Every structure is written in C-alpha cells, then in structure tokens.
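Protein chains: 2
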Amino acid sequence: MSRESRPIGVFDSGIGGLTVVAEIARQLPKEEIVYFGDTARLPYGPKSTPTVTQFAIQDTEFLLRHDVKVVVVACNTASSVAVDELRSRYDIPIIGVIEPGALAAVSSTLIGKVGVIGTEGTITSHAYRERIRQLDSEIEIVEQSCPLFVPLAEEGWTDREITLVIAHEYLTPLRDAGVDVVVLGCTHYPILKQTIQKVFGPSVTLIDSAEETARDVAQVLAEFGIANDSGEEPAHRFFVSDVPHRFKEQAERFLGAELPNVEVVGIDELMAAGR
Amino acid sequence: MSRESRPIGVFDSGIGGLTVVAEIARQLPKEEIVYFGDTARLPYGPKSTPTVTQFAIQDTEFLLRHDVKVVVVACNTASSVAVDELRSRYDIPIIGVIEPGALAAVSSTLIGKVGVIGTEGTITSHAYRERIRQLDSEIEIVEQSCPLFVPLAEEGWTDREITLVIAHEYLTPLRDAGVDVVVLGCTHYPILKQTIQKVFGPSVTLIDSAEETARDVAQVLAEFGIANDSGEEPAHRFFVSDVPHRFKEQAERFLGAELPNVEVVGIDELMAAGR
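Protein chains in written order, with the working numbering: chain S, 1 to 275; chain H, 276 to 550.
This is how it looks when you write it as structure tokens:
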C-alpha cells in the first residue's frame, strides 16, 4: 500500500472522538479512517496521568497494527497528558486536539480573554493554558472543569432546561470574567454547544476542537505529502473495546450519521499490543 | 492463619463499594477487610455483560491472592451480571448485593409494589426483578435506570436544587405507579438518599443495599462458622487500580470516614491475575 493511501488512525476513550471522525470525513472525504474507542475503560477524564498515558500507548499500538499514516488523539484528556510521550515513542505524526484548539482560541480572541472548559484531567493538566501562553503570553485564561457535561451529553439531554441550569452553574465564573472566546475542551461538548452558547450569549465565540483538529490533519497530510488523492471511496473501520448499553444510539449522536459495522477488540488483545 | 481470622474481600468498580465497607465495619467490627476498587476501568454501569464479567473475575482473583474467606461483590452491576459465573468458578462464598436488597424489598412492601433504580447495566439485566419474583411472584415491579445519579454523587451535588429536579425526572414514573418500597440498586445512591426520599415522601421505604448486604455477610460468616472473634483490632487494606482526580475527597464521602493509606495495583498485574 502506498504511503498516501494508508488510513488515518483516530482514537478516543469512547465515542466522543466520533465528532472528530465526522469532521475529518467531511473535510477530507478521500481519506480512509480507522477508529478505536476504548469503551471498556472509558472515561479517561477523571483518571490519573500514568493510567491515561498507559491506555494511550496501547490505543496507539493498536492503530499502528492497522498501518495508519498518522494518529489523531481525538480525546482531550489523552491529548493533554500523553501526546508528548506518544511523540517520543513513534515516528509518524501524532496530532492532538490541544494545539489546534489553542491556536484557534488565540486567533479568535479580540480582547485577550479566553475560557477553557473540559474534564478534570484536561483542566488539571493546564495543557490548553500552557499552549495558549506559549502562543501569546498576554492572554488571560480562565479554566473550568465541567464533570457533568459528559454524562449529560451521553444521556442525550441536550436541550433540556436542567442542562441549561447546570451549564449556568459551571459557566457563570467564565462569563463574569468577560471572556470572548471559549474552548470546548472535550469532544463531548459540541453536543451541548447550543446550551453553552445560550449561557454566554451570541458575542462569545465557541471553539470546537473537532473542526480545528480536522483542519490540522489536512495541513499535516499536505505538509508531509501523504494526502490520499486516489478516486476510490474510502471504507472506514470502527473498533471498540466494549459495546456498552445504548451504544448505537449514543455513537450515532456523536457521529451525526448511521454507524457502520463495529468490530470489538478484547482488552487482552489491546494490552498485548501495548507491551 | 486460621480460617476465621482471614479477611473479608470486597470489590467494586470504584469507590461506591466503600458504603458497603463502612456498613460491614460498623456491623462486624472484628472483621478485617481487603477492598479493591477498579478505578482505572470504572464505571461498570454502562458496560456489556461479557466485559463486566471479565473484570469481575480479575477483581476476584486479585482478592483471592490476599487469602480472603468470602468475596463481597459490592457493585450492583457486577452482582447483576457476574455473580453466577463467580460462584461456578470459586469455592468460597460469593455475596452479591442483589439478593439482600431483593429480600429486604419483599419483606418491606405492604402493598406489593416495588420500585428498583440503578445503572443501565443493573436495570437492563432485570436481576432485581427476577430475584424479587422468585421470592414472591405477585409483586409488581417498576424499574428505572438513572444514569446521572452516579456523576451527581461523585460531583458531590448531594443537596442542590438541580439534583432534586433530576431526581424528579427519573423517579416520577415510580411515584405515579404508587410503589411503597424503592431499592437503591447502586452503591452510589445512598449518597443521594435525602433527595430521593424528598421525591417519594416519607411513606415510601428506601432499601439501602449496603446495609442489607452487610447483614447478609454477618449471616454467611455465622452459618459457615468463619466469623472472627479474636480481640485484635482489624487492619483494613485498600487497593485501587488508579488514583483519579479528587479521589480522596470522593472516597471519604462514600466511606464516611478518613481514608487510610491506599495501595495502587497496576492494570497489567490485575489482568495477569485473571488469566
């Protein structure tokens, strides 16, 4: 297989990364995608850095067995804590969701005040804050973890009053701080975009890491000269480590399309890959 | 070590099982407890039966290496789907949380209408319903999964208005059905007991599986003649597969006491135990 025609590997702790897959498929319709969702061990958000790093290595090794040309870490938590370790281990490009999101935030803010929301792991790592400060040390950054947003998105309570009340609870400090840009630092949050926008009002720009990351993937493929320009219809493959209850319903909400056949990878097999 | 002085093994997907530990320690103050919380792979609630069963076997094998005399499956999801498999594999008593909760529900209902609440895994398995029907086939059972209760309990939002609103959302069908007993079929739910009671009013009895299970443990130890009657102060041991963010704060909320030293077991080690 030529270098160009090899697939793009994407992994996430579960199904949230399907928002990134949807964006890559939209922006790069000729590229084949191999997705791995670690649904047996999700979520990564509350878990420690050593544990998330170990899982991220195993997930990457699994994708490498499918001969991927780049690995997209479509999980903010893993991107926050494990991307450096992955880059030091592997020769192919490793694309996290932090850099594209941070870059878009810096480009978008008019007043130099940026909010970042995410899981406990992402916020505690301060990965967005550090990356934004590297790009522009003058920017003021307000961070907030929103642990209930993932379960609310998975429950599908996207337009309920209750979700708006919880969003107010988490986001009021950011609104009061007067940020004009907010990074949605978790692949689940685009599902709640309308509710989040309602709290901030129309003058605040929300940065969706899925969109920015897909743009970054396109750029990396171009720069490395490995974009696929064959005329064949790509056949994506979807792997998960478990098929949880309500999987199909939830996965399709994130993918925004009908989910094709999903293959299950045993945890044993996965761990054997990461040794 | 004599059979009697061996510890009681308790496992859970995470920290919820500490409510069971607290009750065992209260009811059986002479017994030593070895606890394992699978915090690297929590939660078990949404995951499939084969995956939860595989994890439960590995958790049990880990406890057996500590020479436990009984294993308490302090996780409703694992009790619902994996206890039969564990009983067929091991010779020591395996105590789940379903039987004690079902028995208490049948004893407590005056009108023969019982509500059961739990995770997706527990409710989808219908384990409580089946067990209650075996005890009394006349009882009417209304089941409801409440996926947001675990994250709400972990967030510590126990007495917020928002939690009451979500509780109303989930529990109104049970209240309207006129149940007089509700089984709290998840070790996290006792943390939300006051809120849940508020929705149902004082005339509805809530069954706390932690209390019932600790009573069952006492009975099994007596029946098998393996209760510890030495005068020594027991030294409990606590193992987890990860130390997530906010672990100590959350664990102590469930244990209702200060948490002693916690030892971390690698996932590799855990899986090696389950082969």
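Yeah, the Cβ is synthetic: ideal placement off N, Cα and C, and Gly gets one too. From a predicted model like this one, the values you see are computed outputs, not experimental measurements.
Beta-carbon neighbours of residue i, restricted to chain H and to distances below 9 Å
i, result
"S:Val165", "Glu436, Ile437 and Val440"
Chain-ordered chain S contacts of residue i [CB-CB under 9 Å]
i, result
"H:Glu430", "Pro147 and Leu148"
Nearest-angstrom beta carbon gap, residue j and residue i [assumed within contact, 8 Å]
i, j, result
"S:Asp180", "S:Lys248", "At roughly 38 Å, the Cβ-Cβ gap does not stay under 8 Å, so S:Asp180 and S:Lys248 are not in contact."
"S:Gly14", "S:Leu42", "4 Å"
"S:Tyr44", "S:Phe55", "7 Å"
"H:Val457", "H:Gly390", "4 Å"
"H:Asn536", "H:Cys461", "Not confirmed; about 27 Å, so no contact."
"H:Asp543", "S:Met271", "7 Å"
"S:Ala210", "S:Val20", "5 Å"
"S:Leu164", "S:Gln144", "Actually they do not touch by this definition, with Cβ atoms about 16 Å apart."
"S:Arg246", "H:Glu395", "7 Å"
"H:Ala502", "H:Ile299", "Actually they do not touch by this definition, with Cβ atoms about 12 Å apart."
"H:Ile367", "H:Val346", "6 Å"
"S:Val150", "S:His188", "5 Å"
"H:Ala315", "S:Thr51", "5 Å"
"S:Tyr128", "S:Ile98", "6 Å"
Chain-ordered chain S contacts of residue i [CB-CB under 8 Å]
i, result
"H:Ser323", "Asp242, Val243, Pro244 and His245"
Where residue i falls, given that 16 or more other Cβ within 10 Å makes a residue buried
i, result
"H:Asp313", "buried"
"H:Ala510", "exposed"
"S:Lys193", "exposed"
"S:Asp59", "buried"
"S:Glu258", "exposed"
"H:Ile386", "exposed"
"H:Arg281", "buried"
"S:Ser125", "buried"
"H:Thr470", "buried"
"H:Asp491", "buried"
"S:Gln80", "Looking at the sequence itself, residue 80 of chain S is Ser, so the reference to Gln does not match. Label assigned to S:Ser80: buried."
"S:Pro100", "buried"
"S:Glu138", "exposed"
"H:Gly393", "buried"
"H:Gly500", "exposed"
"H:Glu429", "buried"
"S:Gln219", "exposed"
"H:Thr480", "buried"
"S:Ser48", "buried"
"S:Gln134", "exposed"
"S:Pro147", "buried"
"S:Glu263", "exposed"
"S:Glu32", "buried"
"S:Gly16", "buried"
"H:Pro477", "exposed"
"H:Pro465", "buried"
"H:Glu436", "exposed"
Chain-ordered neighbours of residue i on chain H, where CB pairs are closer than 7 Å
i, result
"S:Thr51", "Ala315 and Asp517"
"S:Pro173", "Within chain H, no residue comes near S:Pro173; the closest Cβ sits about 16 Å away, beyond 7 Å."
"S:Pro151", "Pro422, Leu423 and Pro426"
Beta-carbon neighbours of residue i, restricted to chain S and to distances below 7 Å
i, result
"H:Pro368", "The premise fails here: H:Pro368 is roughly 28 Å from chain S at the closest Cβ pair, so nothing lies under 7 Å."
Closer than 8 Å, Cβ to any Cβ of chain S: which residues of the segment 395–424 of chain H, in chain order?
Glu395, Gly396, Thr399, Pro422 and Leu423
As an exercise, report each continuous alpha helix (DSSP H) stretch of at least 4 residues that is fully enclosed by the segment 334–382 of chain H, in chain order.
351–364
Residues within the segment 301–324 of chain H neighbouring chain S, beta-carbon criterion of under 8 Å
Thr314, Ala315, Arg316, Pro321, Lys322 and Ser323
If contact means a Cβ-Cβ distance below 9 Å, which residues of the segment 457–476 of chain H contact chain S?
none
The segment 254–274 of chain S: which residues have C-beta closer than 8 Å to a C-beta of chain H, in chain order?
Ile267, Asp268 and Met271
Jot down the residue ranges of each uninterrupted alpha helix (DSSP H) in the segment 109–173 of chain S, minimum 4 residues, whole runs only, in chain order.
120–125, 127–135 and 149–155
As an exercise, report each continuous alpha helix (DSSP H) stretch of at least 4 residues that is fully enclosed by the segment 446–481 of chain H, in chain order.
468–475
Which runs of the beta strand (DSSP E) fall wholly inside the segment 489–548 of chain H and span at least 3 residues, in chain order?
512–515 and 537–539
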